[in-house]
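*Asks:* Sharing a structure with you now.
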Amino acid sequence: MAIGEIGILVHGQGLHEFTDQVAGWLAGQGVDEGLCTLFIQHTSASLLIQENADPSARVDLENWLNRLVPENDALYTHTLEGPDDMPAHIKTALTATSLSVPVQGGRLMLGTWQGIYL
């Protein structure tokens with residue numbers, strides 16, 4: 027069993043792919059078969075497996091989430107950290123803080139057009 031951390035530095039909201047960082051970390055662990063479990067220790071960020079071949083899929087998903095959970099809603103009271111604070115918490119509630127990806131032959135068993143996103 028291998029345990030480690032991957033740091034992802036982002037500037038602002040949005041979907042940020044980090045599949046290559048996970049695959050690189052995994053390659054250094056010598057794991058041939060198993061389950062790669064990812065967990066984010068954050069209350070207003072989450073993890074997704076989503077298409078990574080066509081950038082328009084990411085843009086469309088970001089736009090849809092922003093329409094679903096808009097900033098500056100008069101009902102929000104949790105706004106101390108800015109207008110995106112409560113929307114980020116709601117988006118996290120709608121998505122996931124952990125993911126599990128099968129590993130076979132030392133590689134993540136993601137589909138052809140799947141990537142891991144923060």
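Using the working numbering, you'd call the opening residue of the sequence shown number 27 and step up by one each time. Yeah, the Cβ is synthetic: ideal placement off N, Cα and C, and Gly gets one too.
(1) Assign V129 to one of three DSSP states: helix, strand, or coil.
(2) Let me know the secondary structure DSSP gives L101 once reduced to three states.
(3) Tell me whether Q47 sits in a helix, a strand or coil according to DSSP, three-state version.
(4) For V48, count neighbouring Cβ atoms within 10 angstroms of its own Cβ and tell me buried if that reaches 16, exposed if not.
(5) Leaving out five residues on either side along the sequence, give the residues of the same chain with a beta carbon under 7 Å from the beta carbon of N78.
(6) Give the DSSP-derived three-state secondary structure of S72 in the structure shown.
(7) Using the rule of at least 16 other Cβ atoms within 10 Å of the residue's Cβ for burial, across every protein chain shown, is S72 buried or exposed?
*Replies:* Per the coordinate set shown:
(1) strand
(2) coil
(3) helix
(4) buried
(5) E43, T45, W139, Q140 and G141
(6) coil
(7) buried
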